[in-house]
Amino acid sequence: MEEHPADRPAVLFSAPLRAALVIEVAEVRARRPPPPPDALLSEVRARLRGAATEAPGTLTARRALRALGYCQSDEDAEFLRERGAYEALLLLGHPAALEGAPRLEPHEIELALRKARDPAVRRYLEGLRTEARR
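Given below as structure tokens:
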């Protein structure tokens, strides 16, 4: 059981679901229909960016940055790079990830391989996959 601040989303990771779960409880003034998936993803990305910015260096920020990697949006690459979020950059398949020595969970490696186009990033990910199988 974890406690989270009410003003920031809680981020949990699930290996069996191969997903980042973003939980936010918000008070709404009026009923509204659910937003379209693209709009919802954009809203979640904005909230994750906010959480990472408001509490830099904390576990909350690190989780928010990693969850942005799960969103698989190239629009987040520069934001992640500025914060040294190499694991999240690797999830995007971004070459800047190789500036650090990021480690990923086995299911995250597969997610990153689907996105990676750069040959050096693909080699790095293949190395991580080989290592994880041992």
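If you want this note's numbering, it's the position in the sequence shown, counting the first as 1, plus 602. Glycine included, every Cβ here is placed at the ideal spot set by N, Cα and C. It should be emphasised that the depicted structure is a prediction, and the values quoted were computed from it without experimental measurement.
| query | result |
| --- | --- |
| Per DSSP, cross-strand counterpart(s) of I711 | Its beta-bridge partners do not exist; DSSP assigns none. |
| Whole-number beta carbon distance between L670 and L682, since they are thought to touch under 8 Å | 6 Å |
| Residue burial classification, G729 (beta-carbon count within 10 angstroms, cutoff 16) | exposed |
| Local conformation of L619 per DSSP, three classes | coil |
| Top-ranked residue by Cα proximity to R665, from H709, A722, R631 and R610 | R610 |
| Cutoff 8 Å; reference A657; Cβ partners in own chain excluding five residues on either side | R610 and A663 |
| Contact belief for V723 with A699 at Cβ below 8 Å, rounded distance in angstroms | 7 Å |
| Buried versus exposed, by CB contacts within 10 Å (16 or more), A648 | exposed |
| Complete runs of the alpha helix (DSSP H) confined to the segment 669 to 718 [at least 4 residues] | 679 to 684, 688 to 693 and 708 to 717 |
| L692 beta carbon less than 8 Å from that of V706 | The sequence shown places Leu at residue 706, not Val. Yes, these two residues count as a Cβ contact at 8 Å. |
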